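Anchor point for the sequence shown: position 14 equals 22 in this note's numbering, and the numbering is continuous, going up by one each time. Quick reminder that beta carbons are idealized off the backbone N, C-alpha and C, glycines included. If you're wondering where the values come from, they're calculated on a predicted model, not measured in any experiment. These notes concern the structure reproduced below.
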Amino acid sequence: MSGPSPDPHAPTDRVPVDVAVGVLVQRDGQGRETEFLLTSRPEGKVYAGYWEFPGGKVEVGETVHQALARELHEELGISIGESHTWQELVMEYPHAKVRLHFRKVFDWTGSFEMREQQAMAWQGLPVAVVPVLPGTIPVLQWFAAERGFAGVTHRD
């Protein structure tokens, strides 16, 4: 018998790992934000198969933008232009405490290559892919607030 799930926002004494997260957003002809990119976590990683925004750990000496550019090139094969600071969130997972630096990206070049054999999907609200990583859910709620979307953002 298992107890209640731990609160992912509950503080602990673990030092958070900084993670750069890319929120790649497409725009329509009028400049309105439309779909955003989600990728699945690759086999062999914690939460394999869960959908998330791509990115990775900020290495010593890197800015968040530099880490994001490196990670998106390594994982997706694209080169990004400017990234825009958007939101920050500390998540407490059983395996790690992470400080997620979400940055919106509107400009990139190159063809998407899933270099870690992950899947990708352009999504709108509500998100159709399941399951969604817990750290992704607040982002969907932020999108809903920005867009005046009042429905369910994702399925369990």
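By the Cβ-count criterion, residue 134 is exposed, with fewer than 16 other Cβ atoms from all chains shown falling within 10 Å of its own Cβ.
Within the region 33 to 116, the complete alpha helix (DSSP H) segments at least 4 residues long are 72 to 84, listed from N- to C-terminus.
The beta-bridge partner set that DSSP reports for residue 143 is empty. In this structure residue 26 touches residue 107 by the C-beta definition: roughly 5 Å separates them, less than 8 Å. Of 139, 39, 122, 85, the smallest CA-CA separation from residue 163 is found for 139. Under the three-state reduction of DSSP, residue 129 is assigned to strand.
In the structure shown, the three-state DSSP call for residue 158 is coil.
The C-alpha of residue 46 is placed about 11 Å away from the C-alpha of residue 84. With a cutoff of 7 Å on beta-carbon distance, residue 97 and residue 30 are scored as not near each other. Per DSSP, residue 164 has no beta bridge partner at all. Take the alpha-carbon of residue 87 and the one of residue 116: they are about 5 Å apart. When DSSP states are grouped into helix, strand and coil, residue 136 belongs to the coil group. Look at the beta carbons and you see the region 137 to 152 not touching the region 68 to 78: under three pairs across the two are nearer than 8 Å. Less than 7 Å divides the Cβ of residue 150 from the Cβ of residue 95. Taking every protein chain shown into account, the CB of residue 28 has 16 or more other CB atoms within 10 angstroms, so this residue is buried. In this structure, the alpha-carbon of residue 123 lies about 28 Å from that of residue 161.
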